[in-house]
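Asker: Residue numbers -23 to -1, 1 to 546, in mature numbering (1 follows the signal peptide of the UniProt record, and there is no 0), belong to the letters of the sequence shown in order.
All C-beta atoms, glycine included, are put in the ideal place defined by N, C-alpha and C.
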Amino acid sequence: MMTRLRQPLSLSVLLLCSTPLLAADGPGRSAVASAHPVATEAGLEIMADGGNAFDAAIAVAATLAVVEPYSSGIGGGGFFLLRQPRNPDQPYRFIDARETAPGKAGRDLYRDSSGEVQRDPAINGPLAAGIPGIPAALVHLAEHYGRLPLAQSLAPAIEAAENGFTSSEHYRTLVGFRLEAMQRDAETARLFLRDNQAPETGTLITQPELANTLRAIAQDGRDGFYRGPVAEHLLRGVQAAGGVWQQADLDNYRVIERSPIRFSSGGYQVISAPLPSAGGIALAGILQALPALPASPNRSIAQTHQLVELMRRVYRDRAMLLGDNDFVPVPVAELTSKAYAVAMAQDIDPEHATPSSELGPLREFHEGTNTTHFSLLDADGNAVSATLSINLPFGAAFTPPGTGVLLNNEMDDFAADPSGSNAYGLAGSEANAIAPGKRPLSSMTPTMLENDQQLALLGTPGGSRIITMVLLGTLDVMHGEPVERWVSRPRYHHQYLPDYIQVEDAAFTAQQRQTLEAMGHRIEPVGRDYGNMHAVSWDKTRNRVSAASDRRGIGAAGVAPRAERTPSE
């Protein structure tokens, strides 16, 4: 059995540990912040047993796949942003494990005989599922970056799947959003429901088939999932239910190593997600445009107006220009340049909102919110910021029998109708149309900020709102706020269409709302809160490590006690 976390945890925790300044390559201690205490424990345990940050990332990602079936899983995909201080030629790498469209998928995959796009098959059942990337990513991390055998890093997840986890009220809530779809698939209902209804809080959820699938990956690596018995079960189940996966799709899947988006802002190097994520491009636009606008205090209404106007413009660019640049040309260099950002800032009226209709043609598009994020740091300064997803809660609500693998519904992140919108109201274009082997555009934005004084790791789930949440957290980093403030600040968001500011209840006072409305902004409350950010900070000047998990979720943050250094390999 896994030992319990070495320090007590609460839903939102800040743990500080100070020592004399160590060598510049690492803090001498490890930290993990993730969306579930069991996953945080798994990451800390792996590093305590001699693993590095990349081994811990395998353990955390795989364990989240077990205990957060509503948010991530080995039937989904994601992005891993890596920091390697001992590799000066490539100190930051980006592992793209985004799902890909099956070979039989095309731009008309969801159109009926009359040419209308049908929403149900794009979000429910196997036709909604892209080819998963997480299994390949776990193997890739172990083979190219980790110290430990893959089987050792996967052991906590296998144990969690075999022995089970207890369902939370959050679990019940998310089942409620997807109950009808989950009831359609007998295997999904058997695994995740009780008597075809949401299980009571505290119900033990065991997943022995998933434990066996994880064992196959631990033993055979990539072939344990993409070939052999697991692959046969996946294909049989998908095809029997109307899906279009083929063995060639599984054979052809590859993770892609990319160079992250990098730019300077606020005295930091910002390192963030490249395409097929829109996140890094959007952050580069907004953060490089801000200095060209009148200076305004952090969290002020003047700053809010500026940020909303910049959000509006970068989300329009997202809608019109962005897609998988392995398939379509995207002017990334221009969109991330300081000159482009400054020109965007000069178009902003400092006193009045610009209606989105005045910026150009109107189109709409959506994206799933049920995603997960974790941030972690090891004693040598290796770090991972990772955002993973299966899209909507419980993905496609479809589990091929014999696998325990709950499939994603990330195909909905394509623009199934380039002139229409997706499940989250995001605008789309031809650049993000469905094509075989293509990766859908994403908002997942794992991010790092670094200078000589600090390293900050952050990210969050939240669909189309991910980018703006990371933006607000980034500004708090730059303004010297402590890590618990990054993850807990009230949030607001604008995405070009619909043309209003989406706000948490606590985001603005009544007077602040009146001021924004007088400037021409429409405000739409979206409830008490959204998002689930997890962050780690290393204050290099004092060699102090801190970690925090968002109070909005059930996650946990932990910082390990000072340990003897293990030489890096």
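Under 8 Å, with one C-beta from each stretch per pair, do the stretch 472 to 485 and the stretch 501 to 509 reach the 3-pair mark?
Answerer: These segments touch.
Asker: For Tyr473, which three-state DSSP category applies?
Answerer: DSSP places Tyr473 in coil when its eight states are reduced to three.
Asker: Pick from Tyr245, Pro79, Glu164 and Val382: whose alpha carbon is nearest that of Asp228?
Answerer: Checked all of Tyr245, Pro79, Glu164 and Val382; the closest Cα to Asp228 is Pro79.
Asker: If you reduce the DSSP assignment to three classes, tell me which class Asp301 lands in.
Answerer: Looking at Asp301 - three-state DSSP - the assignment turns out to be coil, as it is neither helix nor strand.
Asker: Under the rule that 16 or more other beta-carbon atoms within 10 Å means buried, what is Glu427, buried or exposed?
Answerer: It is buried - the Cβ of Glu427 has at least 16 other Cβ atoms within 10 Å.
Asker: From Ala12 to Ile238, what distance separates their C-alpha atoms?
Answerer: Between Ala12 and Ile238, the C-alpha separation is close to 25 Å.
Asker: Go through the stretch 250 to 315 residue by residue and report every complete run of the alpha helix (DSSP H) that reaches 4 residues or more, in order.
Answerer: As far as the stretch 250 to 315 is concerned, its whole alpha helix (DSSP H) runs of at least 4 residues are 256 to 266, 278 to 298 and 309 to 312.
Asker: Would you kindly check if the distance between the Cβ of Pro423 and the Cβ of Asp390 is under 7 Å?
Answerer: No, the Cβ-Cβ distance between Asp390 and Pro423 is not below 7 Å.
Asker: What separation, rounded to the nearest whole angstrom, lies between the Cα atoms of Gly381 and Val447?
Answerer: So the alpha carbons of these two residues sit roughly 32 Å apart.
Asker: In three-state DSSP terms, what is Leu339?
Answerer: For Leu339, the pLDDT reaches just 44, beneath the cut-off of 50, and the residue's location in the model is therefore unreliable, leaving the point undetermined.
Asker: Can you list, in chain order, the residues of its chain with a C-beta nearer than 6 Å to that of Met455? Leave out the 5 residues immediately preceding and following it.
Answerer: Same-chain partners within the cutoff: Gly243.
Asker: Helix, strand or coil, according to DSSP, for Val215 in the structure here?
Answerer: DSSP places Val215 in helix when its eight states are reduced to three.
Asker: For Ala8, report the span of its beta strand (DSSP E) as first-last.
Answerer: Residues Ala8 to Ser11.
Asker: Drop a sphere of 10 angstroms on the beta-carbon of Thr518, count the other beta-carbons inside from all chains shown, and report buried for 16 or more, exposed for fewer.
Answerer: When all chains shown are included, Thr518 counts as exposed.
Asker: Restricting to runs no shorter than 3 residues, where is the beta strand (DSSP E) found entirely within the stretch 408 to 472?
Answerer: As far as the stretch 408 to 472 is concerned, its whole beta strand (DSSP E) runs of at least 3 residues are 424 to 427 and 431 to 435.
Asker: With distance defined between alpha-carbon atoms, name the residue in Pro413, Thr183, Ile263 and Asp197 nearest to Lys81.
Answerer: Of the candidates Pro413, Thr183, Ile263 and Asp197, the one whose C-alpha sits nearest the C-alpha of Lys81 is Pro413.
Asker: What separation, rounded to the nearest whole angstrom, lies between the Cα atoms of Ile182 and Leu267?
Answerer: One C-alpha to the other measures close to 48 Å.
Asker: With which residues is Gly54 paired in a DSSP beta bridge?
Answerer: Per DSSP, Ser366.
Asker: Give every residue of the same chain whose Cβ lies closer than 6 Å to the Cβ of Leu191, excluding the five residues on either side of it in the sequence, and list them in chain order.
Answerer: Excluding sequence neighbours, Leu191 sits near Leu131, Ala134 and Ile135.
Asker: At a cut of 8 Å, does the stretch 364 to 383 reach the stretch 37 to 55 through at least three beta carbon pairs?
Answerer: The stretch 364 to 383 is in contact with the stretch 37 to 55.
Asker: To which residues does DSSP link Asn520 through a beta bridge?
Answerer: For Asn520, which the question treats as bridged, DSSP gives no partner whatsoever.
Asker: Cα separation between Arg528 and Phe154?
Answerer: In a straight line, the C-alpha of Arg528 is about 21 Å away from that of Phe154.
Asker: Might you give, ordered along the chain, the residues of its own chain that have their beta carbon closer than 6 Å to the beta carbon of Val9, omitting 5 neighbours on each side?
Answerer: Cβ neighbours of Val9 beyond the five flanking positions: Thr17, Gly20, Leu21, Leu353 and Gly535.
Asker: Thinking C-alpha only, which one of Ala105, Ala296, Gln491 and Gln184 is nearest Val215?
Answerer: When only C-alpha atoms are compared, the closest one is Ala105.
Asker: In three-state terms, what does DSSP make of Phe71?
Answerer: Here Phe71 sits in strand by DSSP.
Asker: Let's test the definition: count the other Cβ atoms within 10 Å of the Cβ of Pro112 and tell me whether it reaches 16, buried, or not, exposed.
Answerer: Answer is buried; the Cβ neighbour count reaches 16.
Asker: Does the distance from the CB of Val43 to the CB of Ala137 come in under 7 Å?
Answerer: Contact: yes.
Asker: With distances taken between CB atoms, is the gap from Gly123 to Phe202 smaller than 7 Å?
Answerer: The answer is no: Cβ separation not under 7 Å.
Asker: Closest by CA to Pro256, which one among Leu127, Gly439, Val207 and Gly3?
Answerer: Note that residue 256 is Gly in the sequence shown here, rather than Pro. Of the candidates Leu127, Gly439, Val207 and Gly3, the one whose C-alpha sits nearest the C-alpha of Gly256 is Gly439.
Asker: Can you tell me the Cβ-Cβ gap for Gly53 and Glu387, rounded? I've got them flagged as a contact below 8 Å.
Answerer: The Cβ separation is near 7 Å, so the contact holds.
Asker: I need the DSSP call for Arg199, collapsed to helix, strand or coil.
Answerer: Of the three classes helix, strand and coil, the one that applies to Arg199 here is coil, per DSSP.
Asker: With DSSP collapsed to three states, give me the class of Thr180.
Answerer: In the structure shown, Thr180 sits in coil (DSSP, three-state: anything other than H, G, I, E or B).
Asker: Would DSSP call Pro14 helix, strand or coil?
Answerer: Helix, per DSSP.
Asker: Please name the residue in Thr348, Pro459 and Ala374 whose C-alpha comes closest to that of Gly530.
Answerer: It is Thr348 whose Cα lies nearest to the Cα of Gly530.
Asker: Taking Gln160 as part of the alpha helix (DSSP H), name the residues at either end of that continuous run.
Answerer: Looking at the DSSP string, the run of the alpha helix (DSSP H) that includes Gln160 is Glu146 to Arg161.
Asker: Inspect the beta-carbon positions of Thr143 and Met288 and report whether they are closer than 7 Å.
Answerer: Cβ distance not < 7 Å, so Thr143 and Met288 don't count as in contact.
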